[in-house]
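Quick notes on the structure that follows.
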Amino acid sequence: MSWTVLRASLWQRRTSLAWYVSGLLFYSWIMVWYWPNIGGEEYQKLVESLPPEMLKMLGGTQVSFGTIGGFFQIEYLGLMWMLIVFSAVFIYASRAFAGEIADGTMELTLAQPVSRVRVGASRVVGLVAISALLALATFGSIQAFGPAYGVKLGAEALWTLTALGTLFMLAAGGICMLISAAVRGGGKAGGIAAGIVALMWVSDFVANVSDVADFFGPVNLVSAWQPGVVMDGGQVKPEAWWLYGLVALLTLAGSVAVFSRRDAA
Amino acid sequence: MAGIIECVGLTKYYGKTRGVEGLSLEVPEGSVYGFLGPNGAGKTTTIRCLLGVLRPTAGEARLFGQRVTLDGSTLRRRVGYVPGEIRLFEKETGRWHIDYVAGLRGARPVASDDLIARLDFDPSRRVKELSKGNKQKLALILGLMHAPEVLILDEPTSGLDPLNQETVFSIIEERVRDGATVFLSSHVLSEVERICDRVGIIRQGRLAAEESVRDLLDKRLRELVVSFAEPVDAAFFDGVPGLANLEQRSPSTFVARVKGDHLDDVVKRLATKRVVDLSIQHASLEEVFMEFYRSEDSVEVTGGEAATPGSEGGEPR
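Protein sequence lines correspond, in order, to chains Y and E.
Residue numbering for the first sequence follows our numbering, beginning at 198 and increasing consecutively.
Residue numbering for the second sequence follows our numbering, beginning at 4 and increasing consecutively.
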């Protein structure tokens with residue numbers, strides 16, 4: 198790995214990262230503040246009055262809507278959070294190879310005595326750092342703001358969610374990075390990756406009421422994302438760790454391998 | 004001794020589009036090689052193969068006798084590259100780029116301060132605020148600041164004013180005196196004529212000619228202007244070998260080009276009439292170069308009858 202490439206990669210994203218982290222802090226605070234206002238008996242009654250099919254479509258099969266975990270998953274972590282963090286991760290990953298090749302800045306780097314494997318590995322480490330930062334900003338802020346509003350997130354849950362969230366982002370970001378290593382144009386890489394994840398989300402959403410729509414089955418990254426279960430004191434299924442870990446490992450290693458063998462201009 | 008820079012049957016296709024094809028050349032240590040050709044001829048493709056940015060479709064590029072691979076980072080430690088149109092990180096400053104490249108090289112940029120001063124460059128400004136010329140200055144600083152053994156320069160004076168071009172030539176000449184080997188891609192022939200020992204001319208992806216600058220100039224074209232004491236018909240020049248582009252400017256004045264070693268034939272024909280004025284000048288390398296891009300059948304005579312087109316001097320071999 199090259200520290201110079203890693204530092205430069207992160208430095209290039211400093212402004213947008215600052216905005217993303219600020220946005221996550223603000224969104225987390227809003228959700229933490231909102232929970233005591235809406236939670237409790239009335240919210241439970243409201244949720245129970247919804248048709249069961251609707252609850253299923255909203256992901257109610259694995260989390261209970263009346264709990265804090267269910268509330269956070271439905272209102273924040275199940276969709277809006279994914280939109281925020283994946284846009285940050287995809288922008289980074291798509292620029293990591295294809296974007297810089299299209300811009301011509303990759304040529305400046307590769308004209309220097311640094312191997313492609315080191316450049317690629319540095320970009321992967323940058324993705325790990327960004328994913329961890331965004332996950333920590335999300336769950337750390339829920340824990341930090343929580344006590345003032347009666348929302349408790351234990352230390353174990355915090356680290357579990359941070360680790361799982363980081364791996365989730367790495368798996369999705371890895372898909373984008375692999376595409377970025379193979380295609381021309383960062384926009385194309387980000388667009389294809391976003392399309393794949395969106396398809397997973399739709400598939401997961403509809404599959405709750407119809408097995409016909411379950412295109413991705415056990416490898417659907419979105420289906421495995423159940424942070425509400427952890428917030429309610431449950432455990433992450435081992436399959437989720439394996440899925441995220443393997444997808445992240447294979448796609449990120451693959452992206453370095455593909456980048457090492459392609460034309461970079 | 005093998006060349007410091009070599010291409011052996013180098014071929015690069017972008018899908019079905021040709022970049023270069025079967026290119027072979029060799030640049031000996033300490034020499035300055037001019038790589039000439041119009042836009043799209045394959046100059047930049049060749050350079051990118053030499054740097055390991057592109058993977059050749061066939062053949063190979065070599066530096067210091069070793070094959071260049073996409074991961075040939077150790078070879079690049081000894082090479083400085085100056086692109087003609089550098090792409091930089093727009094939000095960052097010149098100083099940031101200098102530190103970035105120095106970090107990648109893991110070495111102090113020994114000549115950066117000197118280059119900054121000589122090129123009158125302000126490294127504190129962001130790239131997006133720089134003019135094309137100033138970006139080119141930064142490209143030169145980044146490529147030359149580590150005093151590399153080999154300089155690969157892709158149209159290095161592009162966008163610079165004449166004063167800065169002169170400074171760049173001086174810097175390159177100093178580096179050559181210090182033992183650097185230079186590969187200079189250009190379509191500005193005057194700079195090649197000034198600093199290169201040898202020149203390769205690339206046309207449509209193939210090396211059309213390769214020879215020393217001196218030989219190229221000797222083989223050259225000559226511009227002839229002759230005035231006779233009395234009106235002369237253009238048919239007077241019929242059958243003179245090596246005479247081309249004959250133009251009659253007045254009843255007694257003609258302009259023409261003399262190609263190859265046919266000056267003696269031309270002078271002998273002129274001597275059969277009374278000449279009142281005669282000017283014979285060597286054509287510039289640019290005009291010689293243009294001959295490589297002119298097909299034989301396009302040689303024309305204007306304002307008079309066609310003379311026999313020359314068959315040597317400047318034709319692709």
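Even glycine gets a Cβ: it sits at the ideal position worked out from N, Cα and C.
Along the segment 148 to 215 of chain E, the alpha helix (DSSP H) occurs as fully enclosed runs of 4 or more residues at 165 to 180, 192 to 198, listed in sequence order. Around the Cβ of methionine 251(Y), a 10 Å sphere holds fewer than 16 other Cβ atoms; the residue is exposed.
For isoleucine 8(E), the enclosing beta strand (DSSP E) begins and ends at 8 to 17. Here serine 282(E) has Val228 as same chain residues with Cβ atoms under 6 Å from its own Cβ, once five neighbours each way along the sequence are excluded. DSSP places valine 23(E) in the strand class (E or B) of the three-state scheme.
Separation of alanine 378(Y) and alanine 345(Y) (C-alpha to C-alpha, rounded to the nearest whole angstrom) is 45 Å.
Residues of the segment 299 to 314 of chain Y with a C-beta less than 9 Å from any C-beta of chain E: Asp300, Gly301, Thr302, Met303, Glu304, Leu305, Thr306, Leu307, Ala308, Gln309, Pro310, Val311, Ser312, Arg313, Val314, listed in chain order.
Against chain Y, the CB of proline 31(E) has no partner CB under 8 Å away; the residue lies outside that interface. Residue burial annotation: tryptophan 200(Y) is exposed, with fewer than 16 other C-beta atoms found within 10 angstroms of its C-beta.
For alanine 454(Y), there is no enclosing beta strand (DSSP E); the enclosing alpha helix (DSSP H) has its first and last residue at 435 to 458. Against chain E, the CB of serine 338(Y) has no partner CB under 8 Å away; the residue lies outside that interface. Neighbours of aspartate 74(E) across chain Y, judged by C-beta separation under 8 Å: Ser312, Arg313, Val314, Ser457.
At least one CB atom of chain E sits nearer than 8 Å to the CB of threonine 201(Y).
Spanning the alpha carbons of alanine 395(Y) and proline 249(Y) requires a straight line of approximately 24 Å.
From the beta-carbon of alanine 462(Y), the residues of chain E found nearer than 7 Å are Arg51, Val56, Leu57. DSSP, reduced to helix, strand and coil, places lysine 276(E) outside both helices and strands of the structure shown, so it counts as coil. Within the same chain, Cβ atoms closer than 8 Å to the Cβ of valine 195(E) are found at Gly37, Leu39, Leu187, Ser189, Val202, Val216, Leu288, the five residues on either side in sequence being excluded. Residue pairing for glycine 83(E): DSSP places it in a beta bridge opposite Leu154(E). Our two residues, glycine 208(E) and valine 261(E), have alpha carbons roughly 29 Å apart in a direct line.
For secondary structure counted as the beta strand (DSSP E) over 3 or more consecutive residues, the segment 210 to 269 of chain E holds these complete runs in sequence order: 224 to 231, 246 to 253, 256 to 262. In the DSSP assignment, arginine 121(E) falls outside any beta strand (DSSP E) and lies within the alpha helix (DSSP H) extending over 115 to 122. Alanine 44(E) carries a coil assignment under DSSP once its states are collapsed to helix, strand and coil. For arginine 65(E), the three-state secondary structure derived from DSSP is strand. Contact annotation: the segment 335 to 351 of chain Y does not touch the segment 369 to 384 of chain Y, with fewer than three C-beta pairs closer than 8 Å. Excluding sequence positions up to five before and after methionine 366(Y), its CB lies within less than 6 Å of the CB of Val282, Val286, Ser328, all in the same chain and listed in chain order. Each residue's CA atom was taken as its position, placing tyrosine 103(E) and tyrosine 84(E) some 15 Å apart.
In the three-state reduction of the DSSP assignment, phenylalanine 38(E) falls in the strand class, which pools E and B. Secondary structure at serine 282(E): strand, using DSSP grouped into helix, strand and coil.
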